[in-house]
Amino acid sequence: MSIFIIAEIGINHNGDIGVAKGLIDVAKDAGVDAVKFQKRTIDLVYSKEMLDSPRQSPWGTTQRAQKEGLELGLDEYKEIDAYCEEKGIVWFASAWDLESKKFLRQF
2 MSIFIIAEIG INHNGDIGVA KGLIDVAKDA GVDAVKFQKR TIDLVYSKEM
52 LDSPRQSPWG TTQRAQKEGL ELGLDEYKEI DAYCEEKGIV WFASAWDLES
102 KKFLRQF
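In the numbering used here, the protein residues as written are 2 to 108.
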């Protein structure tokens, strides 16, 4: 039986592709087989009331600003895909909603 080790990056990249690449590098150096991200469509996963509620963060003063600041878009996922290919490490993401699942299928 073989073991497949996954490093959970999730949203710990804080919406920064440079941080995401750094986490991929650390995971690769640690010998893991894959890295995992999280993808969500903010307006589908959270209620308007929750998103409009106050929260101080580096991205603004609402929950929405923080949640949107943590998400990566198409360009960033393309960059992750190419970077992981270059580094020889598998990547994938957990989809929190159907739209995110559809988005991730292109990879």
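C-beta: ideal position from N, C-alpha, C; glycine also.
All values derive from a computational prediction rather than experimental measurement.
Exercise. Would you call leucine 73 buried or exposed, if buried means 16 or more other Cβ atoms sit within 10 Å of its Cβ?
Worked result: Buried is the call here.
For this session: Output the distance between the C-alpha atoms of threonine 63 and methionine 2, rounded to the nearest integer angstrom.
Result: Rounded to whole angstroms, the gap between the alpha carbons of threonine 63 and methionine 2 is 48 Å.
Problem set entry | Inter-stretch contact at 8 Å, needing at least 3 Cβ pairs: the segment 85 to 100 / the segment 21 to 33 | Yes, they touch.
Exercise. Got a sec? Which residues, its chain only, sit under 6 Å from alanine 96 by beta carbon, not counting five neighbours each side?
Worked result: So the qualifying residues of the chain are Lys40, Lys102 and Leu105.
For this session: Grab me the residues of phenylalanine 93's own chain with a C-beta within less than 7 Å of its C-beta, minus the 5 sequence neighbours each way, in chain order.
Result: Only Ala35 and Lys37 meet the Cβ criterion.
Exercise. How close, in whole Å, do the beta carbons of glycine 70 and glycine 16 come, if the pair is a contact with beta carbons under 8 Å?
Worked result: Indeed, because the Cβ distance is near 5 Å, the residues count as touching under 8 Å.
Exercise. Since valine 46 contacts isoleucine 6 with CB under 8 Å, what's their CB separation in whole angstroms?
Worked result: Cβ atoms of valine 46 and isoleucine 6 stay farther apart than 8 Å, at about 28 Å.
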